[in-house]
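Remarks on the structure that follows.
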Amino acid sequence: MTAPVPGTTDAPTRPDSVKLAVELWCAVVVAEFIALVARYSMVHDEAQKMLDTMAKDGNAEGLPSAQVLAIISLAIGAVVLTALSVTFMKFTWDGRNWARQGLGVLSAFIAVQLVFTVIVMFSGAEPTGASVPAWATIFEILGGVAAIGALIALMNRDTTIFCRDAGLWRTRNRQNGGMR
């Protein structure tokens with residue numbers, strides 16, 4: 031058990047499974063960021079189609095180029111996903127159960143995304159427009175495998191006990207006038 035001895039104010043000891051989950055999620059963030067940047071050609075093509083449609087309708091005055099739209103949308107996506115991941119990682123590190131579960135949901139989502147990536151890769155279907163470069167698939171697979179490892183570490187019994195004990199420790203310190 032990771033709970034401190036009664037009467038002390040020591041925080042529960044962080045198990046290796048929490049450390050491993052956060053480290054694996056750092057790898058997930060890096061791999062998914064590289065895969066996101068590799069999707070530039072797809073995002074650019076979609077932005078160009080959208081601008082062409084707007085030009086046909088006569089609504090294209092004052093709009094930026096497809097390149098600007100693609101860069102802005104990728105930057106916003108990268109910032110939002112990184113901020114969400116880092117927030118969950120920080121609170122999981124601190125022993126918040128809701129963050130552990132949120133990171134677990136994100137891990138499961140990326141694992142399912144990995145399955146679909148592998149299915150598409152081996153299906154033999156020809157892409158109709160711009161597609162993700164083959165080298166980017168490596169990073170999608172690495173990120174997916176790291177997410178599966180993080181999911182296993184997050185749902186480990188030691189991680190669950192640590193989050194429960196950290197919550198009890200925070201509650202006890204709050205009731206005793208502590209700052210955390």
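Mapping of the sequence shown onto our numbering: position 77 corresponds to residue 107, and the numbering continues sequentially without gaps. Cβ coordinates follow ideal geometry from the N, Cα and C atoms, glycine included.
Can you find the residues in the same chain that come closer than 7 Å, C-beta to C-beta, to R44, ignoring five residues on each side of it along the sequence?
F192
C-alpha distance - I106 paired with Y70, whole-angstrom precision
13 Å
My guess is that A51 and T189 are in contact by the Cβ rule of under 8 Å, so how many angstroms apart are they, rounded?
7 Å
Looking at the structure shown, is G197 part of a helix, part of a strand, or coil, going by DSSP?
helix
By how many angstroms is the C-alpha of Q143 removed from the C-alpha of A164?
A164 and Q143: Cα-Cα distance of roughly 16 Å.
Give me, in chain order, the residues of the same chain whose beta-carbon lies closer than 7 Å to that of V162; leave out the 5 immediate sequence neighbours on both sides.
A68, R69, M72
Just the Cα atoms here: how many angstroms apart are R210 and R126?
Here the model assigns R210 a pLDDT of 48, short of 50, so the residue's position is not dependable, and the following value carries that caveat. The straight-line gap from Cα to Cα measures roughly 12 Å.
In chain order, each alpha helix (DSSP H) run of at least 4 residues that lies wholly inside the stretch 56 to 126
As far as the stretch 56 to 126 is concerned, its whole alpha helix (DSSP H) runs of at least 4 residues are 70 to 87, 96 to 123.
Select from R200, P94, R187 the residue whose C-alpha is nearest the C-alpha of V48.
R187
Which class does V148 belong to by DSSP, given the choice of helix, strand or coil?
helix
Are there 16 or more other CB atoms within 10 angstroms of the CB of R204, so buried, or fewer, so exposed?
Using a 10 angstroms sphere on the CB of R204, the tally of other CB atoms stays under 16, which defines it as exposed.
Whole-Å CB distance - G173 paired with A61, under 8 Å assumed:
3 Å
Backbone secondary structure at N186 - three-state DSSP
coil
Buried or exposed: T122, going by 16 or more other Cβ atoms within 10 Å of its Cβ?
Classified as buried, T122 has 16 or more neighbouring CB atoms from the shown chains inside 10 Å of its CB.
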